[in-house]
Amino acid sequence: MQERTLAIIKPDAFSRNLVGSIIAMAEEKQLSMVSGKVFHLTRQQVESFYSVHRDKSFFESLTRFMTEGPIFVMVLGGEEAISLWRKIMGATDPGQAEEGTIRQRFGESIERNSVHGSDDPETARFEIGFFFNALEVVEESNAD
Ligand code: ATP
Ligand code: MG
Numbered sequence: 129m130q131e132r133t134l135a136i137i138k139p140d141a142f143s144r145n146l147v148g149s150i151i152a153m154a155e156e157k158q159l160s161m162v163s164g165k166v167f168h169l170t171r172q173q174v175e176s177f178y179s180v181h182r183d184k185s186f187f188e189s190l191t192r193f194m195t196e197g198p199i200f201v202m203v204l205g206g207e208e209a210i211s212l213w214r215k216i217m218g219a220t221d222p223g224q225a226e227e228g229t230i231r232q233r234f235g236e237s238i239e240r241n242s243v244h245g246s247d248d249p250e251t252a253r254f255e256i257g258f259f260f261n262a263l264e265v266v267e268e269s270n271a272d
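Residue numbers (my numbering): 129 to 272.
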């Protein structure tokens, strides 16, 4: 099934100029860029985006990390895009991530793990809407 997922290149990877390498890894697996932008999020924006984790012990530290510098946020589209992108990212902990995954190659720690990906269709819809308006993620051009 054709799907869309929300992907983030986190501050640890953005600051090491890994945006191009990471996009290339998505494209090699047939995921295509639907939309993309650079953001530098405020604390409030990160708290809202990651609100499902607000009771976790690492929430404060995660918020600090995600606000420390710019991120690249993109919508990726393709066949089974949600699970495929999570497979390309690898396990949350880079030490556990499979050979050849983004987190295994570039992740620095379980927190500074370079990328984010939506985990199911409902989350993807919420996360895409968090960063992009309807015009930015249109299915087809409105030009005639
Ligand atoms: P993401 O949601 O970013 O795609 P994920 O779904 O693999 O990653 P989650 O459990 O949703 O992992 O955690 C969200 C993020 O919080 C992780 O990607 C990581 O940056 C951070 N995180 C998760 N677990 C820990 C932990 N034990 N210690 C520190 N940071 C953590
Ligand atoms: Mg998650």
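C-beta: ideal position from N, C-alpha, C; glycine also.
This one's a predicted model, so the numbers in the text were calculated from it and none came from an experiment.
- If you check the C-beta of T195 against the ligand ATP, you find no heavy atom less than 7 Å away.
- When rounded, the separation of the alpha-carbon atoms in H181 and Q158 is 31 Å.
- As far as DSSP is concerned, Q232 takes part in no beta bridge.
- In the DSSP annotation of this structure, the continuous segment of the beta strand (DSSP E) that includes S160 starts and ends at 160-167.
- V147 and D248 have their alpha carbons spaced roughly 24 Å apart.
- For the set G205, I199, E267, the Cα lying nearest the Cα of N145 is the one of I199.
- With a cutoff of 7 Å, T191 does not count as near the ligand ATP, since its C-beta is closer than that to no heavy atom of the ligand.
- For I216, the uninterrupted alpha helix (DSSP H) run begins and ends at 209-217, by DSSP.
- For the set N241, S176, D140, the Cα lying nearest the Cα of R214 is the one of N241.
- CA-CA distance, A219 to E226, rounds to 7 Å.
- Judged by the Cβ position, F259 fails to qualify as a neighbour of the ligand ATP at the 7 Å threshold, every heavy atom of the ligand being at least this far.
- Collapsing the DSSP output to three states places L263 in a helix.
- Using a 10 angstroms sphere on the CB of Q232, the tally of other CB atoms reaches 16 or more, which defines it as buried.
- Leaving aside the five residues that flank F193 on each side, the residues in its chain whose CB is nearer than 8 Å to its CB run, in chain order, K138, P139, D140, E239, R240.
- The Cβ-Cβ distance between L134 and F259 falls below 8 Å.
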